[in-house]
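Everything in the sequence shown is counted per the working numbering, starting at 61 for the first residue and increasing by one. Cβ atoms here follow ideal geometry from the backbone N, Cα and C, with glycine treated the same way. Contents: one structure, followed by commentary.
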Amino acid sequence: MMDERLLPDQITYAHVAILNTGNGRIVAGVRLSKRDPSVEGTVWYEPYAVLSLHYDERDTKTITMRQVIPLMIKDIIRNVDSRTKFVVIRGNAPHFQRYRQYEQHVRLFAESRNVGIRISWKPNIENRIPELKELANDALQRGESLVAAI
């Protein structure tokens with residue numbers, strides 16, 4: 061999928077912070093952005109949407125990270141902009157170390173949306189992008205998911 065050279069605005073970066081409340085709810089803050097190549101000498105991300113995601117027994121019978129992460133990845137893919145051909149998902153949960161398993165799990169869904177996907181584990185990403193934690197906490201208080209364009 062990455063064979064053709066993609067333009068910067070065809071690649072979406074999804075930075076994800078997940079919080080497992082332990083009481084049957086898992087929430088996440090997600091920022092969707094593109095790299096801005098015009099900023100010299102530094103990697104600059106230009107956000108275009110944020111997702112404040114909430115999962116409970118209405119979404120899946122068992123609220124485990126293993127069950128919820130594929131749902132979350134699909135929600136991310138559903139919300140990328142129309143120019144996106146490839147999605148790079150970076151998440152803080154240790155489960156993202158099993159990225160191949162999740163990539164396989166959502167491959168058909170991603171292909172049906174004409175996007176490629178790569179998943180990686182980025183511990184403590186919420187410390188570098190504090191709004192991810194705020195988005196996750198908002199989902200917890202609201203009790204439902206919300207998506208907003210920036």
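key: Residues that DSSP places opposite I137 in a beta bridge   = Its beta-bridge partners do not exist; DSSP assigns none.
ask   = When you compare each of D69, T72, A88, L66 to E186 by their alpha carbons, which one comes out closest?
value = A88
query = Helix, strand or coil: which one does DSSP assign to S240?
reply = With the chain running from 61 to 210 in the structure shown, residue 240 is simply not present.
ask   = Taking the alpha-carbon positions, what's the K134 to P190 distance?
value = 23 Å
ask   = Between V148 and I136, is the Cβ-Cβ spacing less than 8 Å?
value = no
inquiry  = With H, G and I counted as helix, E and B as strand and the rest as coil, what does DSSP make of R158?
reply    = helix
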